[in-house]
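Asker:
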Amino acid sequence: MSEHYLPGAQVPDARGYFGAYGGRFIPEALVAAVEQVAEEYEKAKNDPAFAAELDILLKDYTGRPSPLTDVHRFSAEAGGARVLLKREDLNHTGSHKINNVLGQALLTRRMGKTRIIAETGAGQHGVATATACALFGFDCTIYMGEVDTQRQALNVARMRMLGAEVVPVTSGSRTLKDAINEAFRDWVANVDSTHYLFGTVAGPHPFPMMVRDFHRVIGVEARQQVLDRTGKLPDAVVACVGGGSNAMGIFHEFIPDAGVRLIGCEAAGEGAETPKHAATLTKGDPGVLHGSRTYVLQDEDGQTIESHSISAGLDYPGVGPEHAWLKDTGRAEYRPVTDAQAMEALRLLSRTEGIIPAIESAHALAGALELGRELGPEATILVSLSGRGDKDMHTAAEYFGLYDAEGTN
Amino acid sequence: MADTKLTTVLAAAKAEGRAALIGYLPAGFPTVDGGIAAVNALIEGGCDVVEVGLPHSDPVLDGAVIQTADDIALRGGVKIKDVLRTVAEVAAAHPAVPVLVMTYWNPVDRYGTARFAADLAAAGGAGCILPDLPVEESEEWRKAAAEHGLDTVFVVAPSSKDHRLAEVTAAGSGFVYAAAVMGVTGTRAAVGNLAEDLVARTRATTALPVCVGLGVSNADQAAEVAAFADGVIVGSAFVQRLLDAEQLADGTAAVRALAGELAEGVRRR
Chain A
0 MSEHYLPGAQ VPDARGYFGA YGGRFIPEAL VAAVEQVAEE YEKAKNDPAF
50 AAELDILLKD YTGRPSPLTD VHRFSAEAGG ARVLLKREDL NHTGSHKINN
100 VLGQALLTRR MGKTRIIAET GAGQHGVATA TACALFGFDC TIYMGEVDTQ
150 RQALNVARMR MLGAEVVPVT SGSRTLKDAI NEAFRDWVAN VDSTHYLFGT
200 VAGPHPFPMM VRDFHRVIGV EARQQVLDRT GKLPDAVVAC VGGGSNAMGI
250 FHEFIPDAGV RLIGCEAAGE GAETPKHAAT LTKGDPGVLH GSRTYVLQDE
300 DGQTIESHSI SAGLDYPGVG PEHAWLKDTG RAEYRPVTDA QAMEALRLLS
350 RTEGIIPAIE SAHALAGALE LGRELGPEAT ILVSLSGRGD KDMHTAAEYF
400 GLYDAEGTN
Chain B
0 MADTKLTTVL AAAKAEGRAA LIGYLPAGFP TVDGGIAAVN ALIEGGCDVV
50 EVGLPHSDPV LDGAVIQTAD DIALRGGVKI KDVLRTVAEV AAAHPAVPVL
100 VMTYWNPVDR YGTARFAADL AAAGGAGCIL PDLPVEESEE WRKAAAEHGL
150 DTVFVVAPSS KDHRLAEVTA AGSGFVYAAA VMGVTGTRAA VGNLAEDLVA
200 RTRATTALPV CVGLGVSNAD QAAEVAAFAD GVIVGSAFVQ RLLDAEQLAD
250 GTAAVRALAG ELAEGVRRR
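These protein sequence lines are chains A and B, in that order. The first sequence maps to residues 0 to 408 in numbering that gives the first Met the number 0. The second sequence maps to residues 0 to 268 in numbering that gives the first Met the number 0.
1) Residues in its own chain within less than 6 Å of residue 4 of chain A by CB, not counting five upstream and five downstream?
2) Pairing CB atoms from the region 5-19 of chain B with CB atoms from the region 225-243 of chain B, are three or more of them under 8 Å?
3) Interface residues of chain A around residue 110 of chain B at Cβ under 9 Å?
4) Any C-beta of chain B sitting closer than 9 Å to the C-beta of residue 32 of chain A?
5) Determine the DSSP secondary structure at residue 44 of chain A, reduced to helix, strand or coil.
6) Do you know offhand how far residue 109 of chain B's Cα is from residue 182 of chain B's?
7) Who are residue 119 of chain A's beta bridge partners in DSSP?
8) If you draw a straight line from the alpha carbon of residue 129 of chain B to that of residue 58 of chain A, how long is it in whole angstroms?
9) Bridge partners of residue 232 of chain B, per DSSP?
10) Where does residue 247 of chain A fall in DSSP's three states?
11) Output yes or no for whether 9 Å exceeds the beta carbon distance between residue 234 of chain B and residue 44 of chain B.
12) Tell me which same chain residues have a C-beta within less than 8 Å of the C-beta of residue 58 of chain B, skipping the five on either side of it?
13) Does any residue of chain B have a CB that is nearer than 9 Å to the CB of residue 27 of chain A?
14) Please state whether DSSP places residue 164 of chain A in a helix, a strand or coil.
15) Would you identify the three-state DSSP class for residue 407 of chain A, choosing helix, strand or coil?
16) What would DSSP say about residue 256 of chain A, mapped onto helix, strand or coil?
17) What residues in its chain sit with their C-beta under 7 Å from that of residue 396 of chain A, if we drop five residues either side in the sequence?
18) Give a yes or no on whether the minimum CB-CB distance between residue 112 of chain A and chain B is below 9 Å.
19) Count the other C-beta atoms from every protein chain shown that fall within 10 angstroms of the C-beta of residue 214 of chain A, then say buried if there are 16 or more, exposed otherwise.
20) Should residue 399 of chain A be labelled buried (16 or more other beta-carbon atoms within 10 Å of its own) or exposed?
21) Considering only DSSP beta bridges, list what residue 348 of chain A is partnered with.
22) What is the residue span of the beta strand (DSSP E) that residue 380 of chain A lies within?
23) Identify the residues that DSSP records as bridge partners of residue 20 of chain A: which are they?
24) Relative to the C-alpha of residue 91 of chain A, which candidate in A:404, A:101 and A:241 has its C-alpha closest?
25) Just to confirm the assignment, what range does the beta strand (DSSP E) spanning residue 52 of chain B have?
26) Who are the neighbours of residue 163 of chain B on chain A, taking C-beta pairs under 7 Å?
27) Along the chain, which unbroken stretches of the alpha helix (DSSP H) at least 4 residues long are found entirely within the region 70-136 of chain A?
28) Output the residue ranges of the beta strand (DSSP E) runs that lie fully inside the region 169-207 of chain A and measure 3 residues or longer, sorted by chain position.
29) Relative to the alpha-carbon of residue 310 of chain A, which residue among A:378, A:48 and A:119 has its alpha-carbon at the smallest distance?
30) Buried or exposed: where does residue 355 of chain A fall if 16 or more other Cβ atoms within 10 Å of its Cβ makes it buried?
31) Could you name the residues of the region 195-222 of chain B whose beta carbon sits closer than 8 Å to any beta carbon of chain A, in the order they occur along the chain?
32) What does the Cβ neighbour count give for residue 239 of chain B, buried or exposed, with the cut at 16 atoms within 10 Å?
33) Starting from residue 263 of chain B and walking both ways along the alpha helix (DSSP H), at which residues does that stretch end?
34) For residue 159 of chain B, which of helix, strand or coil comes out of DSSP?
35) Of the choices B:107, B:134 and B:27, whose alpha-carbon is the least far from that of residue 77 of chain B?
36) Just to check my reading of the structure: residue 42 of chain A and residue 67 of chain A have Cβ atoms closer than 8 Å, yes? What is that Cβ distance to the nearest angstrom?
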C-alpha cells in the first residue's frame, strides 16, 4: 500500500489536489468567496471553540454518536457474513447530511454571512440545510431539480415547513447536476451575503476536503464501535456513492487500515451497460465538472451525459475527486448496483430487520449482500446506512405496488 | 509581447479614439450554418472582434438567454468540429477580424489541450476566453496557446482584489475581460457603478486593453461603457435577437442592425 495512506498523511495538497483530481475550476467572480471559505475553515479547524460548539451540536441536536446495529436476519441473506449497520439514518433530519451542514452553518456565521443556498437531489441535504438555517436564523434557498421535487415531494414540504424557499430547477436534465448549476448562478450574483453550503465531497477546493472532514465522524465512531463490538476491524466497509459524502465520511478513518476493503456502490440504474445509469467511476472518464477534476459521465466533446437512477440522491454524473483518487490508486473499489438490486435490498432490510433504508443507502446494502456471499460467514462487513427511507415511500409504493388499486393518489 | 491580430485591431480602435465593439454568439445556433451567418452579421454590422461560443451542457455562468441558445445548439447536435468550422468560415470571410472562442474548460480538456490550440489556430482563430479556468489551473493551456500564437483572455470581476488582478492580468494576453457585474450573463437595464471602478483598478495592473461585459443591449449603454473602457462586449442582446426571429434571415438582419447601433454607440463623443 502506498505511503500516502499512512496515518496522518495530508491530502489534498495545498491546491486541493488528491493526486490528479480536485483543484479549483471556478469563475473569477467566485475566487474571493471560495478563498474566504478556505481561509475561514483553516482558522476554524484550529479553533478549539469551533470544535467544542460543533461537538455540542452533534451530540445534543443531531443525536451522535449514531448506533451500530447488528442485523442478524439480514446477515443470513448475505452469505452469513456479519453485517453491521452504521445508523446515520437515526440522526436528526434522517441522514448523514446534517453532519456537514452544521459544520458549514457555524462557518457561515463566522464569515458574517446571513444567507445560505444549497443544492439537493433526494432532498436530504436540502432538509438538513433548511433545518440548520432555522436553527441559526439564516435565510435559506434550496435549488432542486424539478424531476426530484416530484419524486421527493415529502422533502420539499419539509423544507418549506422549515422556512426555506425551494426553487424547482427546470434547466438541463432537471436533476441534481442542474440544481448545482443554478446554485452556482445564484452564488455568483449574491456572493457578498451568501454562503453556498455545498452538500457533497465534490466542487472546488476546499469543499471536497471540508465536507469530508465534517463527515469523518461517521468513520471515527464506527471504527471504534466495530472494534469494541467484535474485537477486530471489519473486513470491508461498504457505502453508496453519488457525490460520495457518506462514503468519504465512513472510509476516511479506515484508509490507513490496509486490510480493510473499502467498497463504494454506485447507482447503475437500469444497468451500467445501458445508457441509463449514474455509475460515474465505473463508466466515466476524467474531466472537469462543478469546479473540480474528477470522473465525469461525458461524451467525446466534454458534454456531460445525463445520469439516471431511481435514487435521486445518487443521480449525478460526477463524483468527489477523492473517490477518483481512491479508485485510481486501488485503495477503494467501486461497484455498480442496479435500481432492481437496490430496491430488493430495501425490501429485504425492511422485512428482516424492521429498518426501512433510503434508496441511496439500499445501494450499499445490495453491495453488502453481494460481498457477503463472496466472503462467507467469517467476514464482518460494516455498512453505512446513510439515511432512512421515509422520503422514498412514494417511489417504493409505486415500485412494489403498495397502494390500493384506487383512490390512493 | 508580439502583436497579434487581436492586439492590432484593439490598438486601431484606440488610435481612432474609441472603444472597440466585441460581439458574442454561440456556434451552432440556431444551426451551424445559421450560426456562421449570424457571426458574419456581427462583423457586417460593425463588430471589431467576435467571440464564438462553444455550447456546453452545463453553462453555469450563463443566464437564461444563452442557456436557451446553448440548448438549441446542443439539441441540434453541434460538435467541437462545428465550432472550429464556424471559426474557420468567419475568419476566411473576414481575414482582418479576430475570432475568439469562448468556452467552458471541460470541452477543451476532453478534446485535448494541445490539439484544441493547434486546431483553433489552424482554423484561423485568434485566441480563447476560458471563464471557468482560473489562472492557477491554466499553465498547460497558456503554453499550448503561446506555441500556436493564440491569445488567452482572462476574466476579472468586481470581487477580484487588487493583488489578484495583478496575477490575472500578468498571465493573460490580448485584452482583459472585465465581467463588471456580479452575476450570470444577460442584459441589464443599468450599467451600474462597479464597472468603472473595476476598469480603473485593472488598468492600474496592466497595459492590456480592458474590455467590459455587463449586459449592454443598446447604443446608449454602449456609449456609457465606451467612455471608460477599451472595448464593449455584447452577447445576450444578440442572442435574444436571434431567439426572437421567426426566420434566420430576420434574425441575422436584426443582429446586423443591433451591431450597427452599438458601433455608433462606441463612437459617440
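Where a beta carbon is used, it is the ideal one built from N, C-alpha and C, also for glycine. Please read these numbers as outputs of a predicted model, since none were measured by experiment.
Answerer: Taking the definition as stated:
1) Numbered from its first residue, the first sequence carries residue 4 of chain A at position 5. Since pLDDT at residue 4 of chain A reaches only 41, below the 50 mark, its modelled position is unreliable, and no value is offered.
2) yes
3) By one-based count along the second sequence, residue 110 of chain B stands at place 111. Correct list: 299, 300 and 301.
4) Position 33 of the first sequence, counted from the start, is the residue given in the question as residue 32 of chain A. Taking Cβ atoms only, chain B reaches closer than 9 Å to residue 32 of chain A, which makes this a yes.
5) In the first sequence, residue 44 of chain A corresponds to position 45, counting from 1. DSSP places residue 44 of chain A in helix when its eight states are reduced to three.
6) On the second sequence, residue 109 of chain B is found 110 positions in, with the first residue counted as 1. On the second sequence, residue 182 of chain B is found 183 positions in, with the first residue counted as 1. Answer to the nearest angstrom: the Cα atoms are 27 Å apart.
7) Numbered from its first residue, the first sequence carries residue 119 of chain A at position 120. According to DSSP, which records beta bridges pairwise, residue 119 of chain A is partnered with A:143.
8) Mapped onto the second sequence, residue 129 of chain B falls at position 130. Mapped onto the first sequence, residue 58 of chain A falls at position 59. So the two alpha carbons sit approximately 46 Å from each other.
9) By one-based count along the second sequence, residue 232 of chain B stands at place 233. Residue 232 of chain B is bridged to B:21 and B:212.
10) Taking the first sequence and counting its residues from 1, the one referred to as residue 247 of chain A is at position 248. Residue state, collapsed to three classes: helix.
11) Locating residue 234 of chain B in the second sequence gives position 235, where the first residue counts as 1. Locating residue 44 of chain B in the second sequence gives position 45, where the first residue counts as 1. Cβ atoms of residue 234 of chain B and residue 44 of chain B: not closer than 9 Å.
12) If you number the second sequence from 1, residue 58 of chain B lands on position 59. Taken in chain order, the residues that qualify are 65, 66, 69 and 103.
13) Here the question's residue 27 of chain A lines up with position 28 in the first sequence. So yes, residue 27 of chain A belongs to the interface.
14) Position 165 of the first sequence, counted from the first residue, corresponds to residue 164 of chain A. Strand at residue 164 of chain A.
15) For this step, residue 407 of chain A is matched to residue 408 along the first sequence. Per-residue confidence for residue 407 of chain A stands at a pLDDT of 49, beneath the threshold of 50, marking its modelled position as unreliable; no derived number is given.
16) As a working note, residue 256 of chain A is residue 257 in the first sequence. Three-state DSSP puts residue 256 of chain A in coil, outside helix and strand.
17) As a working mapping, residue 396 of chain A is identified with position 397 in the first sequence. So the qualifying residues of the chain are 402.
18) For the purposes of this step, residue 112 of chain A is taken as the residue at position 113 of the first sequence. No, its Cβ sits nowhere closer than 9 Å to a Cβ of chain B.
19) Against the first sequence, residue 214 of chain A aligns to sequence position 215. Per the 10 Å Cβ criterion, buried.
20) As a working note, residue 399 of chain A is residue 400 in the first sequence. Result: exposed.
21) Along the first sequence, read from residue 1 onward, the residue named residue 348 of chain A stands at position 349. According to DSSP, which records beta bridges pairwise, residue 348 of chain A is partnered with nothing at all.
22) In the first sequence, the residue the question calls residue 380 of chain A occupies position 381. Residue 380 of chain A -> beta strand (DSSP E) spans 379-384.
23) Here residue 20 of chain A is taken as the residue at index 21 of the first sequence, counted from 1. A:17.
24) The sequence position of residue 91 of chain A within the first sequence is 92, counting from 1. For the residues A:404, A:101 and A:241, the minimum Cα distance to residue 91 of chain A belongs to A:101.
25) As a working note, residue 52 of chain B is residue 53 in the second sequence. Segment 48-52, the beta strand (DSSP E) holding residue 52 of chain B.
26) Taking the first residue of the second sequence as position 1, residue 163 of chain B is located at position 164. Under the 7 Å cutoff, chain A gives 30.
27) 71-76, 96-110 and 123-135
28) 193-195
29) Along the first sequence, one-based indexing puts residue 310 of chain A at 311. Out of A:378, A:48 and A:119, A:119 has the C-alpha closest to the C-alpha of residue 310 of chain A.
30) Within the first sequence, numbered from 1, the residue matching residue 355 of chain A stands at position 356. So residue 355 of chain A ends up on the buried side.
31) none
32) Locating residue 239 of chain B in the second sequence gives position 240, counting from the first residue. Buried, since its Cβ has 16 or more Cβ neighbours within 10 Å.
33) Start at 1 with the first residue of the second sequence, and residue 263 of chain B comes out as number 264. 247-266 is the extent of the alpha helix (DSSP H) around residue 263 of chain B.
34) Here residue 159 of chain B corresponds to residue number 160 of the second sequence, with the count starting at 1. Three-state DSSP puts residue 159 of chain B in coil, outside helix and strand.
35) The count along the second sequence starts at 1 and reaches residue 77 of chain B at position 78. Looking at the Cα atoms, B:27 is the closest of the given residues.
36) Numbered from its first residue, the first sequence carries residue 42 of chain A at position 43. Numbered from its first residue, the first sequence carries residue 67 of chain A at position 68. So it is not a contact: roughly 34 Å between Cβ atoms.
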